[in-house]
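**Q** One structure is given below, represented as structure tokens, and several questions about it will come after.
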Amino acid sequence: MYIDPGEKQILVVDDDELIRDLLTSWLDFRGYRVQCAKNGQEALHLRQQTRFDLILLDIMMPEMNGYEVLKQLEAENNTTPVVVMSALNDVNSVVACIKLGAEDYLNKPIESELLWARVTTSLEKKHYRDLQQAWLEDLNLLEQIDQELNKTLDRTAVSELTLHWLNQKTNAVACLIGSVDGQMLKLRAAQGFDDQTRKSIPLSTLNIDKNQERITQKPLPEDGRLHPRANFRITIPLNRNKIIRDIIVIDMPKPAPDMTMRFLRRLSTHIVIALHNAQLYADVQAANQAKSSFVAMVSHELKNPLTAIQSYTYMLRRELQSLPVETQEEYLGFIYEGSERIHNLALELDDITQIETGQFRLTLEDLSFHAILEDVRKLMEPQIVSKQQTMKLELPKTLPPVYADAKRLNQIMVNLISNASKYSLEGGQITVSARLATDSASPMLQVAVKDNGIGITPENQAKLFQQFFRANDIHVSKVRGTGLGLNITKKLVELQSGEINFNSKYGQGSTFFFTIPVSVPETAVHTQAVPAD
Numbered sequence: 001m002y003i004d005p006g007e008k009q010i011l012v013v014d015d016d017e018l019i020r021d022l023l024t025s026w027l028d029f030r031g032y033r034v035q036c037a038k039n040g041q042e043a044l045h046l047r048q049q050t051r052f053d054l055i056l057l058d059i060m061m062p063e064m065n066g067y068e069v070l071k072q073l074e075a076e077n078n079t080t081p082v083v084v085m086s087a088l089n090d091v092n093s094v095v096a097c098i099k100l101g102a103e104d105y106l107n108k109p110i111e112s113e114l115l116w117a118r119v120t121t122s123l124e125k126k127h128y129r130d131l132q133q134a135w136l137e138d139l140n141l142l143e144q145i146d147q148e149l150n151k152t153l154d155r156t157a158v159s160e161l162t163l164h165w166l167n168q169k170t171n172a173v174a175c176l177i178g179s180v181d182g183q184m185l186k187l188r189a190a191q192g193f194d195d196q197t198r199k200s201i202p203l204s205t206l207n208i209d210k211n212q213e214r215i216t217q218k219p220l221p222e223d224g225r226l227h228p229r230a231n232f233r234i235t236i237p238l239n240r241n242k243i244i245r246d247i248i249v250i251d252m253p254k255p256a257p258d259m260t261m262r263f264l265r266r267l268s269t270h271i272v273i274a275l276h277n278a279q280l281y282a283d284v285q286a287a288n289q290a291k292s293s294f295v296a297m298v299s300h301e302l303k304n305p306l307t308a309i310q311s312y313t314y315m316l317r318r319e320l321q322s323l324p325v326e327t328q329e330e331y332l333g334f335i336y337e338g339s340e341r342i343h344n345l346a347l348e349l350d351d352i353t354q355i356e357t358g359q360f361r362l363t364l365e366d367l368s369f370h371a372i373l374e375d376v377r378k379l380m381e382p383q384i385v386s387k388q389q390t391m392k393l394e395l396p397k398t399l400p401p402v403y404a405d406a407k408r409l410n411q412i413m414v415n416l417i418s419n420a421s422k423y424s425l426e427g428g429q430i431t432v433s434a435r436l437a438t439d440s441a442s443p444m445l446q447v448a449v450k451d452n453g454i455g456i457t458p459e460n461q462a463k464l465f466q467q468f469f470r471a472n473d474i475h476v477s478k479v480r481g482t483g484l485g486l487n488i489t490k491k492l493v494e495l496q497s498g499e500i501n502f503n504s505k506y507g508q509g510s511t512f513f514f515t516i517p518v519s520v521p522e523t524a525v526h527t528q529a530v531p532a533d
């Protein structure tokens, strides 16, 4: 194996100046870095100041001889190889030195070829011992890191612990960890980063290819540095099931050695597992929270109409003979309204259950969107008229048939138009439009439902399609709802190969738009089972 002499420090210890100069000349010619000492005490002093890779030690010296130096080194648990030199040509001297920890022995006068053999062999042995020791230290460090990571199931805490250990191992001047979100890296933790307030960084700014699956180390360009002292960057993609979900970036003044890179490769698998476990825990917590919210929502949504049904039923039974017909009809109307709310809730819960358990089925066929919209308009007219609102239709006279489930497309339109009406004031206007999408790979019809109602606040927009989400807004709280309608609508659109989105300005109104496939020639009617998520 090749060992770079320029990286090795050798200490020559001999009371004979001629021998010191000769060995220094030979070693220096080969490229080794050499220091000299004329006795044992001076050698021990130099050793405290410099980390040597090899010691060439004379035995017979004044003040402190080689035997005493070896004893002192043994007491200090020395790991630096020592080759002793002596004119004493007897076996007992060799044995004594070996027992005291010497690596090898050279007889004086020293032959150059034998010297090179001893030096090379001793340095190679030390190199392999150092590798073994570093390997054991890395294993111990991995075990320690595992213990720390396993103490927490919080993704942020896992990320911060990861950077702490990486910083110690690599002497980084800046490092960060984040999750891949499109072409952005959303930061979860960062150290040494000049702009700690940033929550995300473009991958292009970091010169990162999100499809790069291997750990890389590259020199840094001037404009790609997280820290002014950074000259090299290690990028660690955290890959699980062949998907890169997170990336670690480490910036350093000097390149990391191969041993460190191998350690980082092993560590990355441990980090992936820790982050995955933390995510599973977060998912369980979210599921528990959703379950609690679900129970509370169902309890609330059932309690109010059931209370009304019980109350008006009780009054009808008790005072049926004395109540005017108009009052009886009014009470029956309240009872019907309450039972209708319970029925609608049951339908929504049934849809959610079927979708999430893979039992949901679609009957896809060629449909006229004009016909679907006309049915929806008739159904929604009483609700719109009751609030003195108007519904405007902006559709071309002819549209190609769409390929969808009639019942579910009707449900999508009813939900969007009903929401537009409910969250608009009296006298508001609702506009329904449709056109062929021009920016899709396959033929799609884009449908939009626009209102001039209360709109949606920016902080609520990201949560709008979540199950059971109800905005904490005085205007929203006045409208009855379960927080399931838009979630179901989104799933129904996506199950029919479409997409749904919206834009909104609080206080000005909202526009919801979705796409649905246009029918292609010779499309057959068929029933499609929907897989569970």
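Residue numbers (the numbering used here): 1 to 533. For each residue, glycine too, the CB sits at the ideal point set by N, CA and C.
(1) Going by the beta-carbon positions, is the gap between Asp-4 and Asp-58 smaller than 8 Å?
(2) Find the nearest neighbour of Thr-120 within the set Pro-81, Lys-242 and Asn-231, judged by alpha-carbon distance.
(3) Starting from Asn-107, trace the beta strand (DSSP E) both ways and give me its first and last residue.
(4) Going by Cα to Cα distance, which pick from Ala-87, Leu-495 and Val-91 is closest to Ile-355?
(5) With the cut-off set at 8 Å, would you say Ile-516 and Val-402 are in Cβ contact?
(6) Using a 10 Å radius around the Cβ and a threshold of 16 neighbouring Cβ atoms, would you call Thr-489 buried or exposed?
(7) Got a sec, what are the start and stop residues for the alpha helix (DSSP H) Val-376 sits in?
(8) Check Thr-363 in the structure and name its three-state DSSP category.
(9) Let's see if you can read the secondary structure: which residues bound the alpha helix (DSSP H) around Gln-461?
(10) Alpha carbon to alpha carbon, how far is Leu-11 from Ser-200? Give it in angstroms, no decimals.
(11) Any idea which residues DSSP pairs Glu-394 with across the strands?
(12) So which of Asn-472, Ala-471 and Gly-498 has the shortest CA-CA distance to Gln-446?
(13) Does the Cβ of Asp-209 lie closer than 7 Å to at least one heavy atom of the ligand SAH?
(14) Looking only at DSSP bridge pairs, what is Pro-202 linked to?
(15) Residue range of the beta strand (DSSP E) that Asp-405 falls in?
(16) According to DSSP, what are the bridge partners of Ala-448?
(17) Leaving out five residues on either side along the sequence, give the residues of the same chain with a beta carbon under 7 Å from the beta carbon of Ser-179.
(18) What residues in its chain sit with their C-beta under 6 Å from that of Lys-422, if we drop five residues either side in the sequence?
(19) At the level of alpha carbons, what is the spacing between Gln-310 and Ser-322?
(20) Taking just the CA atoms, how far does Ile-208 sit from Leu-364?
(21) Quick one: Cα of Pro-202 to Cα of Met-184, how far?
(22) So, helix, strand or coil for Gln-321, using DSSP?
(23) Decide if the region 137–144 is in contact with the region 109–128; the criterion is three or more beta carbon pairs, one per stretch, under 8 Å apart.
(24) Distance check for Ser-418 and Gln-383, CA to CA, integer angstroms please.
(25) Pull up the distance between the alpha-carbon of Ile-500 and that of Leu-367, whole angstroms please.
(26) Ordered along the chain, which non-local residues of its own chain (more than five positions away) have a Cβ less than 6 Å from that of Leu-153?
(27) For the candidate residues Glu-213, Leu-106, Met-259 and Thr-216, whose alpha-carbon lies nearest to that of Gln-133?
(28) What separation, rounded to the nearest whole angstrom, lies between the Cα atoms of Val-414 and Gln-359?
(29) Along the chain, where does the alpha helix (DSSP H) containing Asn-92 start, and where does it finish?
(30) Using the three-state DSSP reduction, which class does Gln-496 fall into: helix, strand or coil?
(31) Over the uninterrupted alpha helix (DSSP H) stretch that includes Val-249, give me the two end residues.
(32) Taking the DSSP output, what are the residues bridged to Asp-58?
(33) Check whether the Cβ atoms of Leu-464 and Ile-352 lie closer than 8 Å to each other.
(34) Using the Cα positions of Phe-469 and Lys-291, report the straight-line distance between them to the nearest angstrom.
(35) Rounded to whole angstroms, what is the Cα-Cα separation between Thr-511 and Asn-503?
(36) With contact counted as at least three CB pairs below 8 Å, one residue from each stretch, are the region 86–97 and the region 16–23 in contact?
**A** According to the structure shown:
(1) no
(2) Pro-81
(3) 104–107
(4) Leu-495
(5) yes
(6) buried
(7) 369–386
(8) strand
(9) 458–461
(10) 52 Å
(11) Ser-433
(12) Gly-498
(13) As far as ligands go, the structure on display features none, and thus does not contain the ligand SAH.
(14) Met-184
(15) 402–405
(16) Ser-433 and Phe-513
(17) Lys-186, Arg-188, Arg-245 and Asp-246
(18) Val-479
(19) 19 Å
(20) 43 Å
(21) 4 Å
(22) coil
(23) no
(24) 8 Å
(25) 19 Å
(26) Ala-278 and Tyr-281
(27) Met-259
(28) 23 Å
(29) 91–99
(30) coil
(31) That residue, Val-249, is in no alpha helix (DSSP H); its beta strand (DSSP E) goes 243–252.
(32) Met-85
(33) no
(34) 13 Å
(35) 6 Å
(36) no
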